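Residue numbers (the working numbering), protein chains in the order written: chain A, 452 to 747; chain B, 14 to 347; chain C, 31 to 277. Virtual Cβ for every residue (Gly too), placed ideally from N, Cα, C. Bear in mind that the values here come from a model prediction, so they are computed numbers and not experimental data. Notes to accompany the following structure.
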Amino acid sequence: MSVGLLIAIFFNTLLFFSILISITIGLSLIFGVLGILNLAHGAFYTLGAYVAISLFSYFTNVPPIIYYILFFIASVIVGIIGMWIEPTLLRRVYKLPDEYQLLLTFSLSLIILDTIRYFWGVMPYYHYEFFAMLGNSEIAGTIYPNYYFVAIATVILLLILLYLLLFKTKIGLLIRAASMDKEMAISLGINVKALYPLVFALGIFLCAMGGALTTPYSAITLGIGSEMTTIAFAITAMGGLGSLKGAILGSLIVGFVRALGVFYFPEIELVVVYIVMFIILSIKPYGLCGRYERRV
Amino acid sequence: MVYVVDMKEGYNIIKRITLIKKERKGILYIILFTIILAIIRPFIGPYWSFIVAYGLIISIVGLGFNLLLGYNGLLSFGHAGMFGIGMYTLGLCTKYFNISSLEILILLSIIIGLIIIIGLGYVASKLIIVYFALFMLSFGQIIFALTYKLYGITGGSDGLSIPILTILNINFNSRIDFLYCYYYFVLLIFTICTIFMWILVNSPFGKTLQAIKVDDIRATYIGVPVRKYRYIAFIISTLYAVISGALYGPLNGFIYPELISHVFSGEIVYLTLLGGMNYFAGPIVGSFIYTILKVYIPTITEYWQFIMGATLIIMILLFPGGIVGWIYSKFKKR
Amino acid sequence: MDILEVKELKKSFGELIAVNKVSFNIEEGEVVAIIGPNGAGKTTLINLISRWIKEDEGIIKFLGKDIKYAGPIQALEMGIARSFQIPRVFGKMSVLDNIRLAITSKEKKSKKILSFFESDKNIKERAIEILEKFNLLEKMNLFADELPHGDRKLLDVAIAFSLNPKLLLLDEPTSGVSAAEKTRVMNRIIDTIRKENITTILVEHDMDVVFEYSSRILVMNEGKIIADDTPERILNNDLVKQIMGGK
Chain A
452 MSVGLLIAIF FNTLLFFSIL ISITIGLSLI FGVLGILNLA HGAFYTLGAY
502 VAISLFSYFT NVPPIIYYIL FFIASVIVGI IGMWIEPTLL RRVYKLPDEY
552 QLLLTFSLSL IILDTIRYFW GVMPYYHYEF FAMLGNSEIA GTIYPNYYFV
602 AIATVILLLI LLYLLLFKTK IGLLIRAASM DKEMAISLGI NVKALYPLVF
652 ALGIFLCAMG GALTTPYSAI TLGIGSEMTT IAFAITAMGG LGSLKGAILG
702 SLIVGFVRAL GVFYFPEIEL VVVYIVMFII LSIKPYGLCG RYERRV
Chain B
14 MVYVVDMKEG YNIIKRITLI KKERKGILYI ILFTIILAII RPFIGPYWSF
64 IVAYGLIISI VGLGFNLLLG YNGLLSFGHA GMFGIGMYTL GLCTKYFNIS
114 SLEILILLSI IIGLIIIIGL GYVASKLIIV YFALFMLSFG QIIFALTYKL
164 YGITGGSDGL SIPILTILNI NFNSRIDFLY CYYYFVLLIF TICTIFMWIL
214 VNSPFGKTLQ AIKVDDIRAT YIGVPVRKYR YIAFIISTLY AVISGALYGP
264 LNGFIYPELI SHVFSGEIVY LTLLGGMNYF AGPIVGSFIY TILKVYIPTI
314 TEYWQFIMGA TLIIMILLFP GGIVGWIYSK FKKR
Chain C
31 MDILEVKELK KSFGELIAVN KVSFNIEEGE VVAIIGPNGA GKTTLINLIS
81 RWIKEDEGII KFLGKDIKYA GPIQALEMGI ARSFQIPRVF GKMSVLDNIR
131 LAITSKEKKS KKILSFFESD KNIKERAIEI LEKFNLLEKM NLFADELPHG
181 DRKLLDVAIA FSLNPKLLLL DEPTSGVSAA EKTRVMNRII DTIRKENITT
231 ILVEHDMDVV FEYSSRILVM NEGKIIADDT PERILNNDLV KQIMGGK
């Protein structure tokens, strides 16, 4: 086991973790505050990737910094779409039993996916320019692409910003209050109606960012979202619904399993996640870290 | 004079029928439906026979699925997996054991399905809501992956062809001859399954399941062993999916993994909601509409998912009772 | 025989000792009220007796049998039924069905698959009788969540009652019920209880209700029973007056 291999596994873990956490933290956030399980999360991830890649193909031959900004622009666009969806569609199902929420977000994912298909078609998209532009670094004898460092750093930066937002600002306080007890929050005069679209948009923004970040090194197809949704839910369930810590822990574990899997058993790597989820739920019906608080 | 007396007799008979309890009426309607479908078969030709048979088969998995959703509040995104177990058990038995008797094959599928279900259900009955949905989803995906990757055994994405089977030891010369007889076989199984389900949901057990759906803690507090009952409901529900899957193979003549991906699970959810998840007939109505839609929509547009999603949203927001619910509300207004 | 014996019962939630070495006995047919300030441990005590939670230490004997290992369902089978502070009823089902379900479960008929729920005439008749006792008969076809609060509390108690309990635990049967309704609700409940001679423990905050309807009062504070006596003597108990803030 060479040092080079270890380093590769370490950074791969961080990379997978970064992509996974951007989806899962959005999911946990949306569930924690709005109480909605967003089955359309994967579809937004896919949308983020497609929008990003389209932006890249418009703005070719630009300096790296512009490229970098494009990631954010793509995610913001998708986030705004999300912000529009919450008041129009999601709000109607809050009062209905849980099954309807799952069904509504499920339908949303179908609509989004076919809309993507309509505008972008079924052929895969590639855009490796940015990736190549950044080149590679050599660490302890292994060559490792610089882009991965950028992606990891971006996500960590976003996580820090999110932490600061939630725990050090007034809005963050409002969000946390609303997530703990919606009725209390309303009676304290917090404008929950205005808060919800923002939180939803934030969750979607993060998730789209995850998708966008994969574009420089992946083939972008319609299917990338569906496995991501399942894995994201798996992680959230494993870590315990609504627990941000659980999301981070779960993403690390799955990121690690995936990193190992790429090297050692690429054939079945995806099914491994399902099997792990299957096993965990069999033993701990409420996930590892959390308890699904049933709303009384 | 005679004419007037006849009218009165007729009126009395009608009055007596409407006084029969709602439950017994249900069985009558089911049998009536069966008889109608049995009679029309010689008049509808192979194409429509196929479609009706397909609709009946999907109705069975729909009914099973709705036992969990409408009557128990549990959304399962993995019924395609159970469907696949039934389907592939039958397929593999025809391929490797050279069994061609339909009855034996269906029986084998049920037995093997039950073995898996009993183990699976034990775990699944511990789970609620999203955990349950996810668990079933991962189960479905594992089955899908197995059928896909074990191509040495299952033929992978190339699929497996199902030969013309024998029914009651009768050999058939062509697929169409087989179809004409198979239609009645499917109809028979459909009727048995539907009547059983009807009795089940109107039984004390069925009513108790609904209570569990409404408030499972209160249910415990009136002495109901909630987990045990969920387990039983799970077994019955998934068994229907297994039976449905087993029936599908001989009809289509060809089975392949894509049939049982999570997309199909989603379609099962879709058709149940379309028909109306709070009504017994919902999944049946939904299955037939879904079958017809699936046949005709691809000729109009390739964006089947969009249509599914859009209609589903409309159903949720405007017609949560589904089509059957909408029809009922029209009748009540009269 | 004492229907209920509680010895040195203790239950903590982390640092907080909710029930602290509580002991008392209850005879058959008594109507005992438990009063005390908020957080005194009254509901926890009910939860323990009805086996919603398990105790850390101590013994609870029902009809002479130690119920240490019993869960809520076994407790029900033995004859312990309860109602809830925030009424729990099957909202989306009719009032009649709520009662019928309880009876069906009690008679062990809920596992029957091959018969129709509606066909059981005996259960229907008994359910109607019970609804009549609680004055809910006219509302029998309404959905339980359409009922006003006072009726929902009555329904909750009626459900507990349908389970043929030997010991009935009522957790604040009149909380949230308007003053005008209280008498009606309590009269109905106590009437029915007295007629069937069901031993009852009621947790209550409303002193008028307590003094009107119970023959014995247990006063709890900070997890302990500080007084156990007849209403008249409790009325004159200084310690109690101090704790209850002069009522």
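Straight-line measurement puts the Cα of Ser469 (chain A) at about 7 Å from the Cα of Ala602 (chain A). In chain order, Arg81 place their CB closer than 6 Å to the CB of Gly101 (chain C), counting only its own chain and leaving out the 5 sequence neighbours on each side. Contact between Val62 (chain C) and Ile231 (chain C) holds: their C-beta atoms lie close to 5 Å from each other, under 8 Å.
Taking a C-beta distance under 8 Å as the contact criterion, Val240 (chain C) and Lys169 (chain C) do not qualify as a contact pair.
In this structure, the straight-line span from the alpha carbon of Phe523 (chain A) to that of Leu471 (chain A) is close to 17 Å. By the rule that beta-carbons nearer than 8 Å mark a contact, Lys141 (chain C) touches chain B. Sequence-distant Cβ neighbours of Leu222 (chain B) in its own chain, meaning closer than 7 Å and more than five residues away, are Tyr84, Asn85, Tyr242, Ala246. Beyond the five residues adjoining it in sequence on each side, Asn227 (chain C) comes within less than 8 Å, by CB distance, of Glu58, Gly59 in the same chain, given in chain order.
Taking the Cα positions, Glu280 (chain B) is about 30 Å away from Glu36 (chain B). About 6 Å separates the beta carbons of Ile90 (chain C) and Leu39 (chain C), which is inside the 8 Å limit, making them a contact pair. Here Trp211 (chain B) really is in contact with Phe293 (chain B); their C-beta atoms are around 6 Å apart, less than 8 Å.
Inter-residue distance for Lys141 (chain C) and Ile264 (chain C) is about 48 Å (C-alpha atoms, whole angstroms). Following the DSSP letters along the chain, one finds Pro596 (chain A) in no alpha helix (DSSP H) but inside the beta strand (DSSP E) bounded by residues 593–596. Close to Pro736 (chain A), with beta-carbon spacing below 7 Å, are these residues of chain B in chain order: Lys139, Leu140, Tyr144. Remark: C-beta atoms of Phe191 (chain C) and Leu185 (chain C) do not approach each other more closely than 8 Å. If only uninterrupted alpha helix (DSSP H) runs of at least 4 residues are considered, those enclosed by the segment 183–265 of chain B are 188–214, 217–227, 229–233, 239–265. Going by C-alpha positions, Tyr269 (chain B) is about 10 Å away from Gly262 (chain B). Chain-ordered, the chain B residues with CB closer than 7 Å to the CB of Pro102 (chain C) read Thr233, Tyr234. In the DSSP assignment, Lys95 (chain C) is bridged to C:Phe92. Runs of the alpha helix (DSSP H) lying entirely within the segment 522–601 of chain A and spanning at least 4 residues, in chain order: 549–571, 580–585.
DSSP lists B:Ser114 as the beta-bridge partner residues of Thr179 (chain B).
Within the segment 627–701 of chain A, complete alpha helix (DSSP H) segments of at least 4 residues are found at 633–638, 643–665, 675–690, given in chain order. If you draw a straight line from the Cα of Thr47 (chain B) to the Cα of Thr204 (chain B), it is about 7 Å long.
Three or more Cβ pairs drawn from the segment 481–490 of chain A and the segment 651–661 of chain A lie within less than 8 Å of each other, which places the two stretches in contact. Every beta strand (DSSP E) of 3 residues or more that sits fully in the segment 92–146 of chain C is shown, in chain order, as 110–112. For Val240 (chain C), the secondary structure class from DSSP, reduced to helix, strand or coil, is helix. Taking a Cβ-Cβ cut-off of 7 Å, Arg542 (chain A) has no neighbours in chain B, whose nearest Cβ is about 11 Å from it. Per DSSP, the unbroken alpha helix (DSSP H) holding Val187 (chain C) starts and ends at 179–192. The bridge partners DSSP lists for Ile47 (chain C) are C:Ser42. Under DSSP, Thr229 (chain C) takes part in a beta bridge, and its partners are C:Leu197.
Ranked by Cα distance from Ile123 (chain B), the first of B:Ile141, B:Leu330, B:Phe96 is B:Phe96.
Membership of Ala158 (chain B) in the alpha helix (DSSP H) is indicated by the continuous run 142–162. Boundaries of the alpha helix (DSSP H) around Val65 (chain B): 35–82.
Closer than 8 Å to the CB of Gln223 (chain B) there is not a single CB belonging to chain A. For Ala257 (chain C), the enclosing beta strand (DSSP E) covers residues 254–259. In this structure, the beta-carbon distance from Ile249 (chain B) to Gly77 (chain B) falls below 8 Å.
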